[in-house]
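Just so you know, we're using the numbering used here here: the sequence shown kicks off at 439 and counts up by one.
Working notes, beginning with the structure itself.
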Amino acid sequence: MFTRRLDRVRCKKERNMKILHCADIHLGAKIESGLPAAKSEIRRMEVREAFDKMIGYARSNGIKIILISGDAFDSERPLKKDKEFFYQAVKRNPDITFYYLRGNHDDLETYTETIDNLKTFGEETVTYEDGFIDITGIELTDKNALSFYSTVTFRRDRFNILMLHGQLSDAEGSINIPLKKLADKNLDYLALGHIHSFDKGEYSGFTYAYPGCLEGRGFDETGKKGFIVLDIPDPSGEVKDFTGYEFSAEFVVNSVRVIKEAHIDVTGADGVYEISDAARSALASDGYDKDDILRIYLTGFTKVYDGSVCKEVENLLKNDYFYVNVKDKRRLKIDYESYVSDPGVVGEFIRRVYSSDLTEGEKAEVAETGLKAFENGGLL
């Protein structure tokens with residue numbers, strides 16, 4: 439394991455150095471989550487739009503460096519159209535230097551052309567100099583991880599950024615990043631990728647951060663998405679030790695469209711129209727936007743279980759938002775007394791449950807499950 443130190447990219451002194459840190463763009467990803475085909479295609483295009491929007495932010499705010507900490511593409515063999523989109527975006531912005539570290543999704547992507555403002559990494563540690571900042575990166579494998587952590591170190595007289603793709607862990611490996619192995623190495627900022635939600639913390643004198651994915655793609659990626667902007671004051675002279683050097687790392691929202699969840703108590707609403715009206719009213723009062731992608735969880739209690747309610751409510755709300763998905767999490771409100779004299783199999787079932795040694799909570803859960811099964815079987 440050795441480090442290649444490459445020539446300085448930029449020598450012009452600026453008052454502050456601003457750096458944009460993004461990751462997990464996943465160009466070419468299949469957008470599913472139950473979306474109709476036409477809307478899935480719209481979402482695929484919006485992932486591209488989010489990338490262009492991010493670059494536009496960099497241009498408008500004088501940012502000359504963009505770090506991409508892995509998974510620019512969703513596939514290890516990206517389609518030609520996705521590669522062309524990415525590389526053309528880089529070419530159209532020659533005043534911005536893009537530092538591209540491959541991740542676990544695009545690890546086999548081969549760079550098809552050399553572009554002056556695109557800096558890449560491989561399985562050996564590479565360091566680029568940019569003003570007073572060193573940007574180091576390595577694409578970790580099971581073979582190089584051990585030697586990397588044991589040998590990597592950074593110059594104290596430089597502001598040091600390390601780009602890695604993986605998850606924080608005490609273990610080592612191609613996808614694991616043990617923070618303790620980076621302690622006391624003069625690191626200032628660890629630019630991470632792989633986790634699709636924003637996270638930032640401090641460890642042993644350095645800042646580590648995940649910007650999250652650039653655009654949510656499924657209901658496991660809810661909330662506003664974006665990138666991180668580092669604002670690093672120019673030292674205005676020679677600095678022999680950057681230890682404890684103050685800078686900011688702020689999350690910037692960049693979402694084209696936001697995926698959200700809503701938990702709505704519809705107790706007392708009878709039938710799909712009342713449920714839909716209750717949901718519509720709750721969503722309006724909570725400020726949900728018509729462009730949102732929503733997953734609605736119906737909560738509360740109902741006297742009658744109806745397995746078709748989700749699809750029917752979705753149909754009634756489908757024109758209010760870009761896409762609506764409904765999950766029924768309501769509990770059955772069981773009136774035990776109404777089953778005391780019931781001579782049928784359902785009454786017998788309820789009486790046995792409530793005369794059992796189960797706890798009250800367990801009785802309610804078993805009775806609810808059974809009544810739903812009876813209704814689905816046509817016995818209610």
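A virtual CB, placed ideally from N, CA and C, is assigned to each residue, including glycine.
Query	Result
Going by alpha carbons, who is nearest to R655 out of R453, I457 and H464?	H464
Below 8 Å between beta carbons: does that hold for C460 and I503?	no
Under 6 Å Cβ to Cβ from L578, same chain only, skipping five residues before and after it: list those, please.	S612
Determine the DSSP secondary structure at S585, reduced to helix, strand or coil.	helix
Taking the beta carbon of F693 as the centre, do at least 16 other beta carbons fall within 10 Å, making it buried, or is it exposed?	In the sequence on display, residue 693 carries Ser and not Phe. It counts as buried.
Taking the straight line between their C-alpha atoms, what separation do you get for Y648 and K638?	6 Å
Near K663, what residues of its chain come up, given a Cβ to Cβ distance below 7 Å and the 5 sequence neighbours on each side ignored?	G650, C651, L652, E653, G654, N692 and S693
Sort S779, E775, V778 and I713 by Cα distance to K749 and report the nearest one.	I713
According to DSSP, is V751 part of a helix, a strand, or is it coil?	helix
State yes or no: is the beta carbon of G500 nearer than 8 Å to at least one beta carbon in chain C?	Protein chains in the displayed structure number just one, and chain C is not present.
Since S686 sits in a beta bridge, which residues does DSSP pair it with?	D669
Could you check which residue in I480, A510 and Y627 has the C-alpha nearest to that of S642?	Y627
Based on DSSP bridge pairs, tell me the residues matched to Q605.	N614
Straight-line CA distance for E676 to D595?	8 Å
DSSP three-state label for A647, please.	strand
Would you list the one or two residues that DSSP bridges to F570?	For F570, which the question treats as bridged, DSSP gives no partner whatsoever.
Determine the DSSP secondary structure at I576, reduced to helix, strand or coil.	coil
With which residues is G661 paired in a DSSP beta bridge?	I697
What is the C-beta distance between G466 and F511, in whole angstroms, given that I count them as a contact (C-beta under 8 Å)?	6 Å
Would you identify the three-state DSSP class for G631, choosing helix, strand or coil?	strand
Among the residues of its own chain, which have a CB less than 7 Å from the CB of V590, if the five just before and after it don't count?	T563 and K623
On the DSSP bridge assignment, give the partners of L819 in chain order.	With the chain running from 439 to 818 in the structure shown, residue 819 is simply not present.
Which residue or residues does DSSP assign as beta-bridge partners of E803?	Paired residue(s): none; E803 is not in a bridge.
Is the beta carbon of N555 less than 8 Å from the beta carbon of F570?	no
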